[in-house]
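Encoded as structure tokens, the structure appears first; notes follow it.
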Amino acid sequence: MASSASFAALVMILGLVLVFGVIVPGAEARPRAFFVFGDSLVDSGNNNYLATTARANAPPYGIDYPTHMPTGRFSNGYNIPDLISQKIGTESPLPYLSPQLTGEKLLIGANFASAGIGILNDTGIQFVNIIRMYRQLENFREYRSRVEALIGASEAKTLVNQALVLITVGGNDFVNNYYLVPNSVRSQQYPLPEYVKFLISEYRKHLKKLHGFGVRRVLVTGTGPLGCVPAEMAQRSTNGECSAELQEAAALFNPQLERMLLDLNRKIGSDVFIAANTAQMHNNFISNPEAFGFTTSKVACCGQGPYNGIGLCTAISNLCPNRDLYAFWDPFHPSEKANRIIVEEIMSGSQTYMNPMNLSTILALDATT
Ligand SMILES: *[C@@H]1O[C@H](CO)[C@@H](O)[C@H](O)[C@H]1NC(C)=O
Ligand SMILES: *[C@@H]1O[C@H](CO)[C@@H](O)[C@H](O)[C@H]1NC(C)=O
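Positions -29 to -1, 1 to 340 (mature numbering (1 follows the signal peptide of the UniProt record, and there is no 0)) are the ones given, in order, by the sequence shown.
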């Protein structure tokens, strides 16, 4: 018969396990961390904390988000990181600059992305105070130290090794740099094919640095069809066709990005980098919007002027009543519905879309190792 003293001791031990279990969950108990790097396609609100015009912190942004309030996401509702978080069964990681990103919340991951940035430091200079790629990587280093202080170096290493990473960058290096103004500095420096090579070699350096921090699974999206976004249609299209030069830029950049990623994997000896062919995913609904339930893939839901592609989406812009019928929410960014289609392809697309494998394959592989 157990004495009341040993029973009390047992209760105490269980209590300690519970307390520590809650404060510092073991690696097995913890969902996979998720880290996000890049531009406005994946920024979940970092720019709200910065003095910059590149923000989505006013209505009607967020009109279809659960709170129906703007959050800093460049979407009517969820963005791609939110939808990937839902697929892997975690909460959306908070923006790195959010004051709420402390304690437990750090272990979910973090979103380092910042609207307006590119691969290059000189991309998006008109937005002044944004978190450029090298700085996002520095912030990740700082994040890792904070997690080490919380759960110890060895657990922190495991957390980073087992994490999923998403990175989306490159479109702004064309739209907000090379093609921002006629005769831009970069366009005088490089013909387009040379500029693309330069971007790929700079991008490669960022990715090697990221790998050096210990991440082992990185989804890398290409650019969308840059010449077909409502903003470019409004500025450059005469007959409703996509802008040829921006389409040419995307057509050069995306395949070289994919080759660079596969080459990195060969050198590393492991499938760390996964190329997501977002251009092809977008092209599907641009060439046949009705097949995906859209009434248009050319006109933005929110905006003004031709294709609703001029200026910003604001409270006084045209706003469509049903966002699900539009591939584009604003002059540059897909609607939540379009984001859902893209994330379905990321999850279970064939090798045309996800090379060398899709996210469901990654999840299955990593669950057994
Ligand atoms: C970008 O800017 C940072 C800070 O000034 C600098 O450390 C880094 O070397 C720059 N990157 C390139 C490729 O010039
Ligand atoms: C992608 O995921 C599905 C499961 O949803 C799987 O059946 C398919 O074989 C995968 N494709 C590739 C190329 O990995």
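Glycine is no exception: its CB is placed at the ideal position from the N, C-alpha and C atoms.
- Per DSSP, the unbroken alpha helix (DSSP H) holding F224 starts and ends at A215 to I239.
- For N310, same chain residues with a beta-carbon under 7 angstroms away, outside a window of 5 residues either side, are S46, Y49, N50, I51 and L54 in chain order.
- The closest heavy atom of ligand 1 lies 7 angstroms or more from the beta carbon of N147.
- Nearest to V118 by C-alpha distance, out of L137, T73 and R106, is T73.
- Going down the chain, each residue whose beta-carbon is closer than 5 angstroms to a heavy atom of ligand 1 shows up: N92 and Y105.
- The set of residues with CB atoms less than 6 angstroms from any heavy atom of ligand 2 reads, in chain order, S319, S321, Q322, M328, N329, S331 and T332.
- In the structure shown, the three-state DSSP call for Y297 is strand.
- The beta carbon of R294 sits closer than 8 angstroms to those of I34, D35, N47, G48, C272, W300, S306, E307 and K308, all from its chain and outside the five residues before and after it, given in chain order.
- The residue among K58, S172, S85 and E75 with its C-alpha nearest the C-alpha of L68 is S85.
- In this structure, DSSP gives N147 a helical state, which the three-state scheme calls helix.
- In the three-state DSSP reduction, M328 falls in the coil class, being neither helix nor strand.
- Positions of the alpha helix (DSSP H) runs, each at least 4 residues long and wholly inside the region 159 to 223, are given as 163 to 183 and 201 to 207 in order along the chain.
- Here N147 is not near G198, since their CB atoms are 8 angstroms or more apart.
- Check the Cα spacing between A127 and each of E75, L163, L151 and R106: the tightest is with E75.
- One Cα belongs to A4, the other to T323, and the distance between them is close to 27 angstroms.
- Taken in chain order, the whole alpha helix (DSSP H) runs of length 4 or more contained in the region 12 to 95 are 51 to 59.
- When DSSP states are grouped into helix, strand and coil, Q97 belongs to the helix group.
- Here F6 is bridged, per DSSP, to A81 and V136.
- For the pair of segments examined, the region 223 to 231 was found to touch the region 162 to 171: the number of CB pairs separated by less than 8 angstroms reaches three.
- By DSSP's assignment, A246 forms a beta bridge with V191 and N326.
- Shortest Cα-Cα distance from V140 to any of T192, L296, V152 and A29 involves T192.
- Secondary structure at L336: helix, using DSSP grouped into helix, strand and coil.
- In the structure shown, the three-state DSSP call for P302 is coil.
- The C-alpha of P260 lies about 49 angstroms from the C-alpha of A124.
- Between F83 and N110, the C-beta spacing is below 8 angstroms.
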